Amino acid sequence: MEYHKLVDVYQQIQSTSKRLEKTKILADFLKETDVSQIEPIILLLQGKVFPSWDDRSIGVATRLVIKAITKSLGYTEAAIELEWKKTGDLGTTAENLTAQKKQVALFSKKLNVHNIFSNLRKIAMLEGAGSIDRKVSLIAELLTSASPAEARYIVRTVLEELRVGIGEGILRDAIVWAFFCDDVKIQYDPAEKSIEPENRELYNKYVDTVQSAYDILNDFAAVAKIAKEQSVAGLTALDLHSGKPVKVMLFQKAINIADAFERVGRPCAVEFKYDGFRMQIHKAAGKILVFTRRLEEVTSQFPEVVEFVQKNVAGDSFILDAEAVGFDPQSYKYLPFQSISQRIKRKHDIDQVAKEFPVEVNVFDILSHNGKTLIKQPFHERRKILERTVTQVPRKIVLARQLVTENDAAAERFYQEALKMGEEGVMFKNLDAEYMPGSRVGFGVKVKPTMQSLDLVIIGAEWGEGKRSGWLTSFVLACKEPDTGDFLEVGRVGTGFKELAGEDGVTFDEMTNLLRPLIVKEKGREVHVKPQIVVEISYEEIQKSPSYSSGYALRFPRLARLRAMERSPDDISTLDEVENLYSTQRSR
Ligand code: AMP
């Protein structure tokens, strides 16, 4: 397929803010797309070349793109920077400069989607000596043949900053409209009032099927390919495969124990909520694999976990959901997450750090066992299977401590005991619930003693002044609108950070080092950054506010902790959650 067709779709989608219209544009496009092209097209529509479970990324900085524009169009770097200052966006800059250069444009050769996709993947994989020049050449090669509009989207895609407003919700619905709508005859209403499928029940079933398939595969490209080739039957037959990471189930927050019971029902399972990090542990073909909650593989960083699981978990294949908790090797006391966070990225002296910062694996769920998918079985059954499967060895591998009760006082005692042991709080879990990958459906809720908190992503910051100059000191926070994928501002945070290294907590210096490589735009002291760093922010109240794009602002926001390691911007708090929290606080 020629690239300009895809660019056309980007432009049409950007020109409307209406969700249904976007869905329709996408659905029509997907219908026309040949099955052999569907995977690269879906990824490029999301501004990516790898699915989200794959931890490879393009990883190109603005500097390299400027060099590539110089190489392809012949402008000096200074001229490009000047135009960039004017437009504030490197994609638009490339577009304008291409237009100036090629006024009577007859482009040398037409770009196709395949070239773009394979060059971008090559860029992601280049390493070592000479790789910078190679990357610049690969980008320049594309820009040389690009029309102005193509140049804009190439640059944005290379920088992983596409932002045309195609979120997960729209993509899911577009797949339903494109491949299943002959069955349900959707009446698309351009006035954006509603869509009326002839058979709403069937329509909803298709939407759920596509969503569940996505939760298992973590990749809309793969989902769309199956939908197109094998229709609904292909999607419903999907099984969990040990060895391939699955989205983890997430939990909402309850205000207190009474609220928790109300939301999950009585009796329920109450479990210790350990303050470590989530591990999805697989056994496939005799090998153990460990994934983080963001589904990045960290097996080699945790050799002792591989050993405990091999020895103490029965079965030829399985998928476990667990929390790894650090403990002091002398006193055996549990330690907070920060103390073991360094293990996740560690590449050398692994055995040494494993001894200094040991972890205990607390298993709390099982998703499949010996080839059998268990996610549709009730939680109490899955727990029974766990009890039969895991041989518990304290400070190596154990099951999450659990109490099944319907009694408030008993739950309260258990909660206090968890806090006394240094845990974060407790989880309440519905005994009959299935395991819903990727979902925050409320089958389980957490109770913690802190103020309310939200997981937000940093999208901007401000350089400090005086003794704080050289550091970014005030950070712009955003929640997510899942349909469009937009990040919407909910305020700024500057408290909860430390000035000096060595103090407990996150310093401004660390924040600055994390964010500096992500800067995409600077104006005066303000910078915009790629939305990548996730933080948990506690606050006292949510207020309505016209100053921020979400329409809400947090009162007295404060950094509770840095979650860059365990959370991706894909699973931060959504606008719906902010709205819900706002309305529940009002009614209290
Ligand atoms: P939060 O990170 O505050 O949203 O709380 C959910 C996280 O708590 C999960 O992602 C797990 O990493 C962690 N966790 C600790 N203990 C448990 C448990 N017993 N059951 C489920 N999740 C747990």
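Count the sequence shown with the working numbering and you get residues 99 to 686, in order.
The beta-carbon is built from N, C-alpha and C at its ideal position, and this holds for glycine as well.
A quick note: this is a predicted structure, and the numbers were derived from the prediction, not measured.
Terminal residues of the beta strand (DSSP E) in which residue i lies
| i | result |
| --- | --- |
| H626 | E624 to V627 |
| P667 | Careful: P667 lies outside any beta strand (DSSP E) and carries neither H nor E. |
| V591 | D584 to V591 |
| G542 | G542 to V545 |
| K146 | Element bounds for K146: n/a, residue is neither H nor E. |
| L465 | V457 to H467 |
| T503 | Q500 to T503 |
| E294 | I293 to P295 |
| I473 | Careful: I473 lies outside any beta strand (DSSP E) and carries neither H nor E. |
| T571 | L570 to E579 |
Buried or exposed by the 16-neighbour rule on C-beta atoms within 10 Å, applied to residue i
| i | result |
| --- | --- |
| F654 | exposed |
| E620 | exposed |
| H212 | exposed |
| G189 | buried |
| R250 | buried |
| Q378 | buried |
| R486 | exposed |
| V202 | At V202, the pLDDT of 47 sits below 50, so the modelled position is not reliable; the number obtained from the coordinates is stated separately. So V202 ends up on the exposed side. |
| G374 | buried |
| K233 | buried |
| P699 | The question about residue 699 has no answer, for the chain in this structure spans 99 to 686. |
| K220 | exposed |
| R614 | exposed |
| Y430 | exposed |
| S113 | exposed |
| T255 | buried |
| R392 | buried |
| K642 | exposed |
| D306 | exposed |
| V491 | exposed |
Residue i Cβ short of 7 angstroms to ligand 1 heavy atom set
| i | result |
| --- | --- |
| K578 | no |
| A658 | no |
| M525 | yes |
| F375 | yes |
| Y432 | no |
| Y372 | yes |
| F435 | no |
| A599 | no |
| E369 | yes |
| A412 | no |
| F389 | no |
| K544 | yes |
| F512 | no |
| F349 | yes |
| E421 | yes |
| A516 | no |
| A509 | no |
| A358 | no |
| A498 | yes |
Reduced DSSP secondary structure (H/G/I, E/B, other) of residue i
| i | result |
| --- | --- |
| D231 | helix |
| E608 | helix |
| L529 | coil |
| V491 | strand |
| D152 | coil |
| Q550 | strand |
| I635 | strand |
| A166 | helix |
| W561 | strand |
| E248 | helix |
| H339 | coil |
| Q630 | coil |
| E258 | coil |
| V202 | For V202, the predicted structure reports a pLDDT of 47, less than 50, and the residue's modelled location is therefore unreliable. A value from the coordinates is still provided. Of the three classes helix, strand and coil, the one that applies to V202 here is coil, per DSSP. |
Residue i, enclosing alpha helix (DSSP H) - first and last residue
| i | result |
| --- | --- |
| F215 | V211 to M223 |
| Y101 | Y101 to Q112 |
| W275 | E266 to V282 |
| T334 | F318 to T334 |
| P401 | P401 to N410 |
| Q450 | I448 to E454 |
| S437 | Q436 to K443 |
| Y301 | R298 to L315 |
| Y430 | Looking at the DSSP string, Y430 is not in any alpha helix (DSSP H), and its letter there is neither H nor E. |
| I417 | Counting along the chain, I417 falls outside any alpha helix (DSSP H), though it belongs to the beta strand (DSSP E) covering F416 to G424. |
Cutoff 8 angstroms: residue i Cβ touching any chain C Cβ
| i | result |
| --- | --- |
| F512 | Looking at the structure shown, chain C is missing, and only one protein chain is on hand. |
Ligand 2 heavy atom lying under 7 angstroms from the CB of residue i
| i | result |
| --- | --- |
| F462 | Ligand 2 is not among the ligands present in this structure, which contains only ligand 1. |
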